[in-house]
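Protein chains in written order, with the working numbering: chain H, 22 to 135; chain D, 7 to 121.
Just so you know, even glycine gets a beta-carbon here, dropped at the ideal spot from N, CA and C.
No experiment lies behind these values; they were computed from the predicted model shown.
Reading through the structure tokens given below for one structure.
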Amino acid sequence: EAGVTQSPTHLIKTRGQQATLRCSPISGHTSVYWYQQALGLGLQFLLWYDEGEERNRGNFPPRFSGRQFPNYSSELNVNALELEDSALYLCATTGGTSPTDTQYFGPGTRLTVL
Amino acid sequence: AQSVTQLDSQVPVFEEAPVELRCNYSSSVSVYLFWYVQYPNQGLQLLLKYLSGSTLVKGINGFEAEFNKSQTSFHLRKPSVHISDTAEYFCAVISMNTGFQKLVFGTGTRLLVSP
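Structure (structure tokens):
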């Protein structure tokens, strides 16, 4: 069974541009979580999507947004990129919404903003 | 709000030696506890989790952790490490009253195993 996949692996953008990151869940998983792993800041919760809806977001500005498609894959969009947005972006998926469900992580997209 | 502290940013150890990676958390409510491992250039993989029941939790790759409620700790241990255990280890919590799976992570501990 395929795991969580993310694309692209690497993404290089310049300040002010927009970035789009994609996540495909494990088959049967309906919830997608996005995390930012920035140097010196650790892993921080960004967004949670379930059944096509944004359910919760972390302490990030509105230029971080996304959506979830009918096939449960998800997109993370970062507008007006800033240098400090450079980070590894990880998505994780679960088959349910219980806090006890295990989150399965993808390999991440490394975003570099120049 | 809950927080997780991993005091050791880096732990060097020789192969076949025992290791303990420390994790302390603070929360005003009960939490679920997790340890994840991140190998170079990869995502996170769940090592083990504590939800309830026995305070000693066994995970994959020979790792185990013990939940200590009075000390609000969840230290990770392995009796004998291998070179392949070299990785970054993250302790994380989910608050039971959050209503969803918001993992709050520690800053990570880099385990360096040398021959």
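{"Query": "Report the residues of the region 78-111 of chain D with a CB closer than 9 Å to any CB of chain H, ordered along the chain.", "Result": "F96, A98, I100, S101, M102, T104, G105, F106, Q107, K108, L109, V110 and F111"}
{"Query": "Quick one: residues in its chain with C-beta nearer than 7 Å to the C-beta of S33(D), no 5 flanking neighbours on either side, listed in chain order?", "Result": "Q8, V99 and S101"}
{"Query": "Is D91(D) helix, strand or coil when you go by DSSP?", "Result": "helix"}
{"Query": "Taking only beta-carbon positions, decide if L64(H) is within less than 8 Å of chain D.", "Result": "yes"}
{"Query": "Which partner residues does F103(D) have in the DSSP bridge list?", "Result": "Note that residue 103(D) is Asn in the sequence shown here, rather than Phe. None; N103(D) has no bridge partner."}
{"Query": "Who are the Cβ neighbours of D14(D) in its own chain at under 8 Å, not counting the five residues just before and after it?", "Result": "L27, R28 and T115"}
{"Query": "Is the distance from the Cβ of T119(D) to the Cβ of H81(D) below 8 Å?", "Result": "A quick correction: the sequence has Val, not Thr, at residue 119(D). No, these two residues do not count as a Cβ contact at 8 Å."}
{"Query": "In chain order, what residues of the region 45-70 of chain D put their CB closer than 8 Å to some CB of chain H?", "Result": "N47, Q48, G49, L50, Q51, L52, K55 and L57"}
{"Query": "Against chain H, does Y31(D) count as a neighbour if the rule is that its beta carbon must be under 8 Å from one of theirs?", "Result": "no"}
{"Query": "Indicate whether at least one CB of chain H lies closer than 8 Å to the CB of T113(D).", "Result": "yes"}
{"Query": "Take W41(D) as the anchor and find which of F96(D), K108(D) and L109(D) has the nearest alpha-carbon.", "Result": "F96(D)"}
{"Query": "Can you pull the chain D neighbours of P120(H), defined as C-beta to C-beta under 9 Å?", "Result": "Y38, L57, I100, S101, M102, T104, G105, F106, Q107 and K108"}
{"Query": "Contact criterion: CB-CB distance below 8 Å. Does L111(H) meet it with respect to chain D?", "Result": "yes"}
{"Query": "Chain D partners of P128(H), CB-CB under 9 Å?", "Result": "N47, Q48 and G49"}
{"Query": "Given that N77(H) touches chain D, what residues does it touch there, using C-beta distances under 8 Å?", "Result": "F106 and K108"}
{"Query": "Under 8 Å between C-beta atoms, does Q89(H) make it to chain D?", "Result": "no"}
{"Query": "Check whether the region 64-78 of chain H touches the region 125-134 of chain H, counting contact only when three or more Cβ pairs, one atom from each stretch, lie closer than 8 Å.", "Result": "no"}
{"Query": "Examine the Cβ distances between the region 39-47 of chain H and the region 92-101 of chain H and report whether three or more of them are shorter than 8 Å.", "Result": "yes"}
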